[in-house]
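J.: I am attaching a structure below and will ask some questions about it afterwards.
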Amino acid sequence: MKTYIKFIIYIFLKSFLNIFLIMMGLVLILNLLSELDFFKDLKVSSYFPLYLSFLNSFSLIFEMFPFIFLISTQFFFLSFFKNNEIQVFKYSGLKNFSIIKIISFVTFLMGILIILIYYNLSSGFKNHYLNIKSKYTADDKYLAVITNNGLWIKDRVDGKSLIINSSKIEKNYLIDTFISEFDENFQIIRGIQSDKINILENEWILEDANIFINNSVTKQKNLKIISNFNYKRIQSLYSNLSSLSIPELFELKKNYKLLGYSTVEVDVQIQKLASYPLFFLLMTIFSSIIMYNSKNLKSSSIKISIGLFSSVIIYYINNFFYVLGNTERISLLISVWLPLLIFFMINLTMLRRINEK
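Just so you know, we're using the working numbering here: the sequence shown kicks off at 2 and counts up by one.
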């Protein structure tokens, strides 16, 4: 590898690491303030909020990587402009496009590593964070998970515990469900079987229910029970998909299919992760173009502000398309890849005369 390539890569990685550590510090502090406010009335050790802040910070930083790459690229070029090293490279025959190509290649490789290593690590931390945090909320009494054996719900109502297992969901109905009801000492009170349960509201309606008490069975056409869960709450079981690693996302997708759940949100998350290395790459190229086009501006803060303002617009346009994909207003592939295609075309157009800058 040529010396100038090693030098460019070193400066770029140094800029990236500095911005990453600064962002991590800011996120950690903001998280800590939030955790301290949450635990202000609870008796926990002094280090506990800091520990939770640390666990949650990695997941939040993952969402900020597009900005981190953009700002890192800006500071990379600012250091070159300051020392006039860009002109030295230019006199040596190294064109502007070649510099962009080098850091873009590094960005793409880093993007792949971030998805394969960092994301899976951060999702594990996030999952651990949510499990710990749930013990200090009212929701700890309630639990709902999806496995290859169907939907399992642990509920607690009026001092009674309910263990619910359903094989499938169709619209707002649980299909082929068995409910075990226990008292406060976890002694069985009764078992209830129903082929179809309306869960639209918190008052469930069990159609043609078979009620098992001791060794006797009775039938009731429309049995009503109260639950802390309804259709909307069950639908949002895994709204925080960032707590699932890539293998867990594929496992969840398989279980959703077995249960009859829509897999759209999981598919969007998987496609989003697959597109991220390209997104990081485009952000790096875009930031480079901005820096070359604004290098005559004396104020560094103006250059950074232009980049940040543009990137925020890009970020929210991306999220807007993700929402359209999640709500099935547009197809999954269009929601994830069309914004990147447009972004690519914009970068391609702006790159045409980059060597003249």
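Even glycine gets a Cβ: it sits at the ideal position worked out from N, Cα and C. Quantities reported herein were computed from a predicted structural model and do not represent experimental measurements.
Does the separation of the CB atoms of Pro278 and Phe109 fall below 8 angstroms?
T.: Contact: yes.
J.: Could you pull out every residue in the same chain whose Cβ sits closer than 6 angstroms to the Cβ of Leu71, ignoring the five residues on either side in sequence?
T.: Met284, Ser288, Gly308, Ser312
J.: Any C-beta of chain B sitting closer than 8 angstroms to the C-beta of Glu64?
T.: This model lacks chain B altogether; it includes just one protein chain.
J.: For the beta strand (DSSP E) containing Val107, list its first residue and its last residue.
T.: Per DSSP, Val107 belongs to no beta strand (DSSP E); it is in the alpha helix (DSSP H), 97-114.
J.: Determine, using beta carbons only, whether Pro50 and Leu27 come nearer to each other than 8 angstroms.
T.: no
J.: My parser needs the alpha helix (DSSP H) runs of 4 or more residues fully inside the segment 257-311; what are they?
T.: 265-294
J.: What span of residues does the alpha helix (DSSP H) with Asn348 cover, start to end?
T.: 333-351
J.: Under a three-way DSSP split, which group does Asp196 fall into?
T.: strand
J.: What does the Cβ neighbour count give for Asp184, buried or exposed, with the cut at 16 atoms within 10 Å?
T.: exposed
J.: I need the boundaries of the alpha helix (DSSP H) containing Val28, first residue and last residue.
T.: 4-39
J.: For Arg354, name the three-state secondary structure that DSSP assigns.
T.: DSSP places Arg354 outside both helix and strand once states are collapsed to three, so it counts as coil.
J.: For Gln75, count neighbouring C-beta atoms within 10 Å of its own C-beta (all shown protein chains included) and say buried if the count is 16 or more, exposed if not.
T.: That one is buried.
J.: Looking at the structure shown, is Tyr317 part of a helix, part of a strand, or coil, going by DSSP?
T.: helix
J.: Could you give the C-beta distance for Ile318 and Leu325, rounded to a whole number, given that I count them as a contact under 8 angstroms?
T.: Not quite, the Cβ-Cβ distance comes to about 11 angstroms (not below 8 angstroms), so this is no contact.
J.: Quick check: the segment 260-273 against the segment 51-60, are there 3 or more CB pairs under 8 angstroms?
T.: No: fewer than three Cβ pairs fall under 8 angstroms.
J.: Can you name, in chain order, every residue of its own chain whose Cβ lies under 6 angstroms from the Cβ of Ser181, other than the five neighbours on each side?
T.: Here the set comprises Ile164, Gly192.
J.: Could you please give the first and the last residue of the uninterrupted alpha helix (DSSP H) stretch that includes Lys136?
T.: Per DSSP, Lys136 lies in no alpha helix (DSSP H) and is assigned neither H nor E.
J.: Using beta-carbon positions only, say whether Leu274 and Ile118 come within less than 8 angstroms of one another.
T.: no
J.: Just tell me which of Ile198, Ser73, Val269, Tyr293 has its CA closest to the CA of Glu329.
T.: Val269
J.: Can you tell which of Asn216, Asn229, Leu253 has the C-alpha that lies nearest to the C-alpha of Ile154?
T.: Asn229
J.: Does the contact criterion of 3 or more C-beta pairs under 8 angstroms hold for the segment 217-232 versus the segment 202-209?
T.: yes
J.: Within the continuous beta strand (DSSP E) that includes Leu207, where are the two ends?
T.: For Leu207, the enclosing beta strand (DSSP E) has its first and last residue at 204-214.
J.: Is there at least one non-hydrogen atom of the ligand SAH closer than 7 angstroms to the beta-carbon of Gly125?
T.: In terms of ligand content, the structure shown is empty, and the ligand SAH therefore cannot be addressed.
J.: Which of the three DSSP states, helix, strand or coil, is assigned to Lys172?
T.: coil
J.: As a quick exercise: from Ile247, Asn173, Ile347, pick the residue whose alpha carbon is nearest that of Ile235.
T.: Asn173
J.: What are the boundary residues of the beta strand (DSSP E) that includes Asn223?
T.: 217-227
J.: Does Ser123 pass the burial test, meaning 16 or more other C-beta atoms within 10 Å, or should it be called exposed?
T.: buried
J.: Taking the alpha carbon of Glu252 as the point to measure from, which residue in Val146, Phe40, Val107 has its own alpha carbon closest?
T.: Of Val146, Phe40, Val107, the residue nearest in Cα terms is Val146.
J.: Is it buried or exposed, Thr178, if we count other Cβ atoms within 10 angstroms and call 16 or more buried?
T.: Under this definition Thr178 is a buried residue.
J.: Taking the alpha carbon of Val267 as the reference point, which residue from Ser246, Phe280, Phe281 has its own alpha carbon closest?
T.: Ser246
J.: Do Ile20 and Ser73 have their beta-carbon atoms positioned less than 8 angstroms apart in this structure?
T.: yes
J.: Are Phe78 and Met346 touching if we call contact CB-CB under 8 angstroms?
T.: No, they are not a contact pair.
J.: Return the Cβ separation of Ile227 and Asn203 in integer angstroms, given the expectation that the two are a contact with Cβ distance under 8 angstroms.
T.: 6 angstroms
J.: Going by beta-carbon coordinates alone, are Ser243 and Ser58 separated by less than 8 angstroms?
T.: no
J.: Nearest by alpha-carbon distance to Glu36: which of Pro67, Tyr130, Phe63, Ser105 is it?
T.: Tyr130
J.: So what's Val324 in DSSP terms, helix, strand or just coil?
T.: helix
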